[in-house]
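Right, one structure below, let's go through it.
Numbering (the numbering used here), first residue to last: 318 to 440.
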């Protein structure tokens with residue numbers, strides 16, 4: 318069975334819409350394509366204010382991607398405590414954090430060589 322390759326730009330746009338639908342905060346896109354030996358092409362990092370909102374963001378992303386692109390994540394981790402949920406769409410990996418966990422792990426600094434795009438939200 319072949320894995321359907323979704324256009325990364327469409328996938329990123331759809332994921333961002335899913336995050337914004339439930340008011341996810343501090344959205345960053347890390348472009349990892351110029352860095353050697355990376356696990357994917359892009360990280361999308363955002364945060365929610367509670368485990369309820371983190372779960373809402375994850376569910377919103379899943380619904381939008383499934384409905385608009387007929388795609389689903391290859392793997393999801395962290396739904397049990399919803400402090401850091403990782404959604405793996407193979408070429409795009411989404412990290413949905415609670416603020417204190419995001420500050421602790423600071424993955425944007427770990428991937429400091431990546432080209433970072435900050436997404437401005439209207440809320």
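In this text, a Cβ means the ideal position worked out from N, Cα and C, and glycines have one as well.
Query raised in the report: Tell me, which residues are paired with residue 364 by DSSP?
Result: As a position in the chain shown, residue 364 is number 47, starting the count at 1. For residue 364, which the question treats as bridged, DSSP gives the partners 342, 414.
Query raised in the report: Beta carbon of residue 398, beta carbon of residue 368: below 8 Å?
Result: In the chain shown, the residue the question calls residue 398 occupies position 81. In the chain shown, the residue the question calls residue 368 occupies position 51. The answer is yes: Cβ separation under 8 Å.
Query raised in the report: Considering only residues of the same chain and omitting the five flanking positions on each side of residue 428, which have a CB-CB separation below 8 Å?
Result: Taking the chain shown and counting its residues from 1, one reaches residue 428 at position 111. Around residue 428: 347, 349, 352, 360.
**Report entry** alpha helix (DSSP H) runs contained entirely in the region 366-435, provided each spans 4 or more residues
**Finding:** 368-386, 416-422, 424-427
Query raised in the report: Which same chain residues, not among the five before or five after residue 430, have their C-beta less than 8 Å away from its C-beta?
Result: Here the question's residue 430 lines up with position 113 in the chain shown. So the list reads 351, 352, once near-sequence residues are dropped.
Query - Beta-carbon proximity list for residue 391, same chain, < 7 Å, skipping 5 on both sides - result: Mapped onto the chain shown, residue 391 falls at position 74. Excluding residues within five positions, the ones whose Cβ falls inside 7 Å are 405, 406, 407.
Query raised in the report: CB-CB under 7 Å to residue 419, same chain, minus the five flanking residues each way: which ones, in chain order?
Result: On the chain shown, residue 419 is found 102 positions in, with the first residue counted as 1. Excluding positions up to five away in sequence, the list reads 364.
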